[in-house]
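Working notes for the structure below.
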């Protein structure tokens, strides 16, 4: 066959075999960047306020913390799982840390305890998935409801005001270094770290193997249960981190925070290329997904589109993004 | 046999991107004939069949049905035109009854609102009366794979088709079931139905078909009456060169060694493995034969700790192993190549290079666990060259490869850890003739270089042609062993058979 070249001398300078720019064109991230830039151009004409520093800052603050959740979700999706409890677990972290703080515990320690508890929730879910053999969907659905119930129980359903939080703690959520908010810096650190880990480390490569074909992974000597347990735990742990940042930003703990957040997070990961069947996804893509969604929300708000329409439009974007990608993938094969 | 042509295809071409799957192919099918289509994987036979069944649309060329040009837009359209296709992969619903599965297509076109289960079962029983004694009321999932395949065939038979395409239907059938199928095929042909029969197996083609067409590299090579052509000609046409020897040389007398690579004593895991003891010497290839379900794979997987908790003593190169899991087995250099390549052998959507490195990522990573892409590509390149892997780029997904090349990727994965012993479960299943003999040669070379090779296969000619010694398993026990001139299909079958209904079904 002409196309099937015998592997006589693989070119080591360019082992991928195709020019870099062509590979770039094929990457889904490129498409997302083009769409995002397009929206930028359109919006900067449509609203004079759009390109202002204040708006940019508000917008990036909005996606930065959710971005941390999307990282955890993407890794979990790659391993073949899914987590519906991210919204409630984030609220749970906030509520627990806030409650402990009000009961006289140092806020840093309280945050540590809350994050550890969230890790525990992840491990709890991982246990039911890997040891009992239940599906992620069901386990996380149950945990979503339980965690939300716990939030309401601790707070009596009312937000807890944390006015006495020390300023250095609030600084995480509200402060800036120069012009750049701390939240953005934390977010970028997480993105760079996890992007690197996912692409380069043997540990995270096993996540791809497991999600791509769990049995083949087991037959390659990979402890797939352990991998799934860890990705499940990681996702909930990152919810804990996000909850603490939110608490610092709001200066309060809100038991009803993040209702429906799981859908935004899953949508962002999927728009960014994560497959619900496992085995594919990237941090960069997922982040672009979350940026796109948040850009759309803020654009719609700036254009005074009704809140009700916003949901309809965001849902349609998810559907179109996934449909387009489905067809592009088909053509690539 | 009548000579009137029912289906005529002329100058048909089909490309997938840069890959030309069919290049100006001609093909004709006569009324009431059984027409074998042969060719290696990637030769274009599947593409052509998918075009005939309306799954794919040709780029150019003409399809004439009864002399009239037709466009077959979809499988439903094909069904309406009287074309039935039995796919190699089983596409049935496991959770409903056999009868409902058979009549799925018909229920689909039925105008009635309600299901008439009683009538369905009666009619299914009628179809099966000539095919097999399967109870049409049981759930499909409770049938063996071979019986499921028969259901798939029965399903096609119930559609009033004039052209029936069978894609390697005997791959999962026992000899007896296959013979029944051939008898039915002949009956259907006598009734005027034309059958396109895709197969790799020369014996089947020459015993049961009227004509044979060979494809290679998307081109039509030859069509002939089977009476006017020899199996050797067909194989040569398929491979495109003269295949003088199908199997590599066996171990010569000078290569016999006393060094024991693997010694297994009293391996037990009731009820699947019972008291299994054997030894593998350096330089020999040991075969494991037996009926499906006799415990062949279980023994290999038990030794490697892939499943179960078998007890007994396992010594590899004199060292007694105490493995806790398969990771330990890999670390000791004992690996298992799975029988189900797509199910658990390879990661289809991941790149070739990432497949090959999966068994031991540490080899392509630095001490702190960072993967070096260049090492990974180099490893895949080295092993790929060794195994004569044909691919566009090492970063292409494995799904882009033919069956034979996928299997080479799976094999390269095993070799990446420099194993001391490899269990190969059905190493050439779904692999074309050319790649098959290449794989056999590779295995022989590995054995010569001191790697222990144990081959499990359902294909007796393969075991006899490749192995120096064959051990036969029956109901979890070793029922005997044959070597040298005693390695015949009859001897192996006798040892494998149980004295009940199963005995005849090998």
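Residue numbers (our numbering), protein chains in the order written: chain A, 55 to 387; chain B, 197 to 702. A virtual CB, placed ideally from N, CA and C, is assigned to each residue, including glycine.
DSSP, reduced to helix, strand and coil, places residue 157/A outside both helices and strands of the structure shown, so it counts as coil.
Cα atoms of residue 435/B and residue 259/A: separation of roughly 38 Å, rounded to the nearest angstrom. With at least 16 other beta carbons inside 10 angstroms of its own, residue 285/A counts as buried. Excluding the 5 residues flanking it on each side, residue 115/A has same chain C-beta neighbours closer than 8 Å at 235, 237, 238 and 303, in chain order. According to DSSP, residue pairing for residue 209/B in a beta bridge involves 256/B. A straight-line Cα-Cα distance of about 28 Å links residue 569/B and residue 240/A. Contact between residue 202/B and residue 359/B is confirmed by a C-beta separation of about 7 Å, below the 8 Å threshold. Secondary structure of residue 224/B (DSSP, three-state): strand. Annotation: Cβ neighbours of residue 262/A in chain B (cutoff 9 Å, chain order): 543, 546 and 550. Judged by DSSP in its simplified three-state form, residue 684/B adopts coil rather than helix or strand. Segment contact: the stretch 446-454 of chain B against the stretch 477-493 of chain B, three or more CB-CB distances shorter than 8 Å; contact assigned. Rounded to the nearest angstrom, the Cβ distance from residue 573/B to residue 608/B is 13 Å, too far for a contact under 8 Å. Contact residues of the stretch 609-625 of chain B toward chain A are 609 (C-beta to C-beta distance below 8 Å).
At a cut-off of 8 Å, the C-beta of residue 273/A has a neighbouring C-beta in chain B. For the stretch 316-349 of chain A, the beta-carbon criterion of a distance under 8 Å to any beta-carbon of chain B is satisfied by 333 and 334. Identification of chain A residues near residue 554/B by a Cβ-Cβ cut-off of 7 Å yields 263 and 274, ordered along the chain.
In terms of Cβ geometry, residue 546/B and residue 262/A form a close pair [threshold 8 Å]. For the 8 Å CB-CB criterion, residue 280/A and residue 539/B do not form a contact. The beta carbon of residue 82/A sits no closer than 8 Å to any beta carbon of chain B. Burial of residue 231/B is indicated by the presence of at least 16 other C-beta atoms within 10 angstroms of its C-beta. For residue 462/B, the enclosing beta strand (DSSP E) covers residues 456-465. A Cβ of chain B is located within less than 8 Å of the beta carbon of residue 269/A.
Take the alpha-carbon of residue 311/A and the one of residue 149/A: they are about 10 Å apart. Put simply, of 565/B, 205/B, 233/B and 541/B the residue whose alpha carbon is nearest the alpha carbon of residue 264/A is 541/B. Exclusion of the five residues before and after residue 158/A leaves no residue of its chain whose Cβ lies closer than 7 Å to its Cβ. Remark: three or more beta-carbon pairs, one from each stretch, lie closer than 8 Å, so the stretch 270-287 of chain B and the stretch 340-351 of chain B are flagged as touching.
Taking C-alpha positions only, residue 315/A is separated from residue 555/B by approximately 38 Å.
Residue 110/A counts as exposed, since fewer than 16 other beta carbons sit within 10 angstroms of its beta carbon. Between residue 220/B and residue 207/B, the CB-CB gap stays under 8 Å.
Using a CB distance cut-off of 8 Å, residue 251/B does not count as an interface residue toward chain A. The CB of residue 257/A comes closer than 7 Å to the CB of 565 in chain B, given here in chain order.
In this model, residue 669/B and residue 629/B are separated by some 27 Å (Cα to Cα). The stretch 490-507 of chain B makes contact with the stretch 665-682 of chain B, as at least three CB pairs between them are under 8 Å. For residue 281/B, the uninterrupted beta strand (DSSP E) segment begins and ends at 279-282. Taken in chain order, the complete beta strand (DSSP E) segments of 3 or more residues contained in the stretch 570-648 of chain B are 617-621.
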